[in-house]
Amino acid sequence: MTGDDQQSRDPGGHEAPTFQRCSPIAISGAGPVGLAVALGLARAGIRSVVFEKKTQLDLHSRATLILPRTLEICQQWGVLDELMLAGNRVPHVRLREPDNDHQILHVNFTKLADQTAGMFALAIPQDRTERILLDAVQATGLVDVRFATELLGFEEDPAGVRVRTRTGTETVSYLVGADGAHSTVRDQLGVELAGKTYPTLALLADVRIDPAVDRTDEWPTILDHRGIIVGIRFGNRVWRIIEQAVNERLSGPALDEHIVDLAQNLFGPGSVKILWRSIYHKHERCAPRFRYGRIILAGDAGHLNSPAGGQGMNSGIQDAHNLVWKLAATLNNPAADAEVLLDSYSEERTALIGRQVQPITDLAERFQTARPHRRVVLVRALDTLFGFGQSAGTLTRKFSMLDVTYKRSQLLDGRSKGLGRRLPDALTEDGQRIYPKISGGALLFAGEQTHSQALAAELALPLVNGDVAVLTRFFDRDHYLALIRPDHIVGAITDPAEPDYAQFARALGRRRSAEYEASHRGS
Numbered sequence: 000m001t002g003d004d005q006q007s008r009d010p011g012g013h014e015a016p017t018f019q020r021c022s023p024i025a026i027s028g029a030g031p032v033g034l035a036v037a038l039g040l041a042r043a044g045i046r047s048v049v050f051e052k053k054t055q056l057d058l059h060s061r062a063t064l065i066l067p068r069t070l071e072i073c074q075q076w077g078v079l080d081e082l083m084l085a086g087n088r089v090p091h092v093r094l095r096e097p098d099n100d101h102q103i104l105h106v107n108f109t110k111l112a113d114q115t116a117g118m119f120a121l122a123i124p125q126d127r128t129e130r131i132l133l134d135a136v137q138a139t140g141l142v143d144v145r146f147a148t149e150l151l152g153f154e155e156d157p158a159g160v161r162v163r164t165r166t167g168t169e170t171v172s173y174l175v176g177a178d179g180a181h182s183t184v185r186d187q188l189g190v191e192l193a194g195k196t197y198p199t200l201a202l203l204a205d206v207r208i209d210p211a212v213d214r215t216d217e218w219p220t221i222l223d224h225r226g227i228i229v230g231i232r233f234g235n236r237v238w239r240i241i242e243q244a245v246n247e248r249l250s251g252p253a254l255d256e257h258i259v260d261l262a263q264n265l266f267g268p269g270s271v272k273i274l275w276r277s278i279y280h281k282h283e284r285c286a287p288r289f290r291y292g293r294i295i296l297a298g299d300a301g302h303l304n305s306p307a308g309g310q311g312m313n314s315g316i317q318d319a320h321n322l323v324w325k326l327a328a329t330l331n332n333p334a335a336d337a338e339v340l341l342d343s344y345s346e347e348r349t350a351l352i353g354r355q356v357q358p359i360t361d362l363a364e365r366f367q368t369a370r371p372h373r374r375v376v377l378v379r380a381l382d383t384l385f386g387f388g389q390s391a392g393t394l395t396r397k398f399s400m401l402d403v404t405y406k407r408s409q410l411l412d413g414r415s416k417g418l419g420r421r422l423p424d425a426l427t428e429d430g431q432r433i434y435p436k437i438s439g440g441a442l443l444f445a446g447e448q449t450h451s452q453a454l455a456a457e458l459a460l461p462l463v464n465g466d467v468a469v470l471t472r473f474f475d476r477d478h479y480l481a482l483i484r485p486d487h488i489v490g491a492i493t494d495p496a497e498p499d500y501a502q503f504a505r506a507l508g509r510r511r512s513a514e515y516e517a518s519h520r521g522s
């Protein structure tokens with residue numbers, strides 16, 4: 000590796016760690032997804048180098064909501080407390096007809112107590128999220144973040160990936176492209192994103208209003224022929240305005256006048272100072288796969304989603320969560336099958352984006368941009384798809400991204416109930432949530448555990464008692480032994496009296512040695 004003694008500085012001017020040996024992973028992009036990949040790897044003891052062409056973190060807010068599923072990941076990675084201090088809890092998302100106060104949509108995160116500790120979304124500007132992630136990444140001492148260092152090119156060879164910047168060439172084991180919608184990595188791979196571009200534009204604006212508006216319970220909303228315009232609270236005086244159906248590319252004074260008009264419609268008369276604004280095209284597009292040899296795509300580099308469903312940045316961080324334990328296993332465990340593990344990242348995430356993320360963002364886009372008479376039809380569609388009229392909890396779980404389900408993967412084998420799904424963060428008998436007990440992966444059992452102990456020792460995983468009602472309902476059985484992956488996904492399920500060793504090894508992407516086969520033949 001050339002440039003091993005090179006030092007970098009963070010945006011505050013502090014010297015970053017000096018690395019004396021090659022970082023096995025290079026990451027292009029120091030946005031929320033790239034930093035999430037670096038942090039997740041560091042938590043597993045894996046070094047990485049992050050290349051970012053900007054000279055500092057972006058100062059604009061852009062994405063605003065961290066959803067409950069992503070908050071679970073942030074807790075696992077040790078950054079939830081800092082995010083909570085910097086953001087505002089959103090326990091409800093309500094949309095009402097402004098003329099008659101009729102509620103047409105209610106996402107109630109407080110109903111998720113049996114699913115997660117985070118019974119809310121978090122409203123926080125993306126620049127604050129990135130700052131917190133960067134601080135956490137640099138505190139690990141395992142990540143070299145190089146600002147003002149653009150990835151210019153790369154070549155894969157038998158030794159790894161040779162990445163080229165203006166300061167030289169370095170060889171790493173894998174390159175993760177997390178460099179956004181205009182990804183250099185994706186472009187140099189020659190990968191096209193298939194999908195569509197929506198006909199209307201989106202407007203985001205951060206405003207400071209005076210006098211202050213104390214609206215913490217729900218978002219001010221305009222619901223008329225223009226579609227839906229929403230205000231999201233960052234503080235009593237600072238709000239994000241989102242308009243999803245702008246029909247023309249306004250600019251200059253005309254755009255500013257439009258934003259002031261929206262703010263006064265949302266919050267009432269008063270002074271409005273525009274802090275930041277952006278108007279842009281909306282897309283629903285995805286790469287055919289996220290893995291190309293030793294090159295891996297994550298976040299907007301691999302898929303673009305309309306902001307209407309609030310799932311863009313969140314799905315990118317969840318890409319990172321699925322990926323990092325597989326990269327770590329590939330690098331740390333001699334028994335790991337790198338091909339199977341990394342192919343499974345691509346298989347699981349591309350399928351989930353197409354099956355779960357894109358439909359809800361597309362429906363949200365159509366709902367928010369529809370004419371009033373069309374919204375009635377779309378509310379019925381919500382009812383049909385999510386049981387909205389009968390059970391708002393189903394819609395809430397979809398919107399919160401807690402219904403993560405991987406149906407097809409080289410790691411997943413069988414049709415048992417719960418397989419491939421996110422395990423609920425249930426309360427156990429001691430009153431504690433289960434996720435802290437299974438952070439790096441675990442075997443979860445209910446019932447007889449003699450064989451479970453042997454399997455846990457073989458796989459070097461903790462054995463955790465999961466004999467609580469929420470989980471026995473989830474698995475639809477009173478006695479079970481389940482492998483929980485480090486990303487909280489159920490990788491395998493079996494009868495605790497007759498555990499299937501091969502199934503559990505496969506779920507972790509591990510090759511089985513001849514000694515292993517001999518010791519378990521006939522088990």
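Mapping of the sequence shown onto numbering that gives the first Met the number 0: residues 0 to 522, in sequence order.
For glycine and all other residues, C-beta sits at the position ideal for the given N, C-alpha and C.
Because the structure is a prediction, the values reported are computed rather than measured.
Counted within 10 angstroms of its Cβ, other Cβ atoms place residue i as buried (16 or more) or exposed
| i | result |
| --- | --- |
| Arg348 | buried |
| Lys325 | buried |
| Ser270 | exposed |
| Arg20 | Low local confidence applies: a pLDDT of 41 at Arg20 is under 50, so the model's placement there is unreliable, and no value is given. |
| Asp109 | Strictly speaking, residue 109 in this sequence is Thr, with Asp absent from that position. With fewer than 16 other Cβ atoms within 10 Å, it is exposed. |
| Arg88 | exposed |
| Gly30 | buried |
| Glu346 | buried |
| Leu174 | buried |
| Gln431 | exposed |
| Arg145 | buried |
| Arg290 | buried |
| Pro495 | buried |
| Ser22 | buried |
| Asp477 | exposed |
| Thr54 | exposed |
| Ser250 | exposed |
Helix, strand or coil at residue i [DSSP, three-state]
| i | result |
| --- | --- |
| Gln317 | helix |
| Thr164 | strand |
| Ile103 | strand |
| Arg225 | coil |
| Val212 | coil |
| Pro124 | coil |
| Trp76 | coil |
| Ile273 | strand |
| Leu94 | strand |
| Gln114 | coil |
| Asn331 | helix |
| His302 | strand |
| Ile131 | helix |
| Glu514 | Legend: pLDDT at Glu514 = 49, less than 50; position of this residue unreliable, no value from coordinates given. |
| Ala425 | coil |
| Ala506 | helix |
| Arg420 | strand |
Own chain, CB closer than 7 Å to residue i, minus 5 neighbours either side, in chain order
| i | result |
| --- | --- |
| Arg530 | Residue 530 cannot be examined here, being either before or after the span of the chain that is shown, 0 to 522. |
| Val212 | Asn235, Phe266 |
| Ile316 | Pro31, Val32, Ala35, Thr69, Ile72 |
| Leu38 | Trp76, Leu132, Ala135, Val136 |
Sequence-distant residues of the same chain with beta carbon closer than 6 Å to residue i, five excluded per side
| i | result |
| --- | --- |
| Leu94 | Ile103, Leu104, Thr220 |
| Leu254 | none |
| Val469 | Asp113, Pro423, Ala425 |
| Asp336 | Gly508, Arg510 |
Residue i Cβ short of 6 Å to the ligand GTP heavy atom set
| i | result |
| --- | --- |
| Ser182 | Only the bare structure without any ligand can be found here, which leaves the ligand GTP out of the picture. |
Beta bridge counterpart(s) of residue i as assigned by DSSP
| i | result |
| --- | --- |
| Ala193 | Cys285 |
| Glu154 | Arg161 |
| His487 | According to DSSP, which records beta bridges pairwise, His487 is partnered with nothing at all. |
| Glu51 | Phe146 |
| Arg239 | Asp205, Ile231 |
| Gly176 | Ser27, Leu296 |
| Tyr479 | Ala445 |
| Ile278 | Leu202 |
| Tyr291 | Ile294 |
| Arg432 | Leu426 |
Cutoff 8 Å; reference residue i; Cβ partners in own chain excluding five residues on either side
| i | result |
| --- | --- |
| Gly44 | Leu141, Ala327, Asn331 |
| Lys52 | Ala147, Thr148, Glu149, Leu150 |
(Q) Does the stretch 485 to 492 come into contact with the stretch 452 to 469, if we say contact requires no fewer than three beta-carbon pairs (one atom in each stretch) closer than 8 Å? (A) no
Q: Flag this pair as touching only if the stretch 437 to 457 and the stretch 398 to 408 have three or more C-beta atom pairs under 8 Å; answer yes or no.
A: no
Q) Counting Cβ pairs closer than 8 Å, one from the stretch 63 to 72 and one from the stretch 109 to 124, do we hit at least three? A) yes
Q) How about the stretch 271 to 282 and the stretch 23 to 40: do they share at least three Cβ pairs that are nearer than 8 Å? A) no
(Q) So, does the stretch 238 to 248 touch the stretch 185 to 202, judging by three or more C-beta pairs under 8 Å? (A) yes
**Q.** the stretch 223 to 237 contacting the stretch 178 to 187, beta-carbon criterion three pairs below 8 Å
**A.** no
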